[in-house]
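Enquirer:
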Amino acid sequence: MVRRVVLDDYVVETLLPDLVGHDRSPSSFIVYVKLWHDAGGVGRRIQVSLSTLAADTGLSKSSVQSALRRLTGRGFISSTRTSATAIPVHIVHAPWRK
838 MVRRVVLDDY
848 VVETLLPDLV
858 GHDRSPSSFI
868 VYVKLWHDAG
878 GVGRRIQVSL
888 STLAADTGLS
898 KSSVQSALRR
908 LTGRGFISST
918 RTSATAIPVH
928 IVHAPWRK
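Start counting at 1 in the sequence shown, then tack on 837, and there's your number in my numbering.
1. State the DSSP-derived secondary structure class of I914, mapped to helix, strand or coil.
2. Kindly provide the ranges of any beta strand (DSSP E) runs that are 3 or more residues long and lie completely inside the stretch 871–901, ordered along the chain.
3. Is the separation between the beta-carbon of I938 and that of S897 shorter than 8 Å?
4. Would DSSP call H859 helix, strand or coil?
5. Quick check: the Cα distance between T917 and I883, rounded to an integer number of angstroms?
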């Protein structure tokens, strides 16, 4: 079964050039789209390890870490973990919808 997750036009028309062109962080865009897709849309939770995100996107673990920091700082995702070694739970946000 193929699951379809629709991205807002904003993601492609504004966020893509902002993260890739202005911030020079294409890895942030890739991680954001991957989390959006795997979570099933905005406002949903997904628990995924750094290693899994790296393997699934083809990025290095350090690139994924940097992307997660940037996305968190910009309010595009929030992440929590129950302990320092626990797999984090990420929530995808769409702040432009407010």
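C-beta atoms are modelled at their ideal positions from N, C-alpha and C, and glycine is treated no differently.
This structure is a prediction, so every number in the text was calculated from the model and none was measured.
Expert: With the structure as the only source:
1. strand
2. 882–884
3. A question about residue 938 goes unanswered here, because the residues of the chain that appear run from 838 up to 935.
4. helix
5. 11 Å
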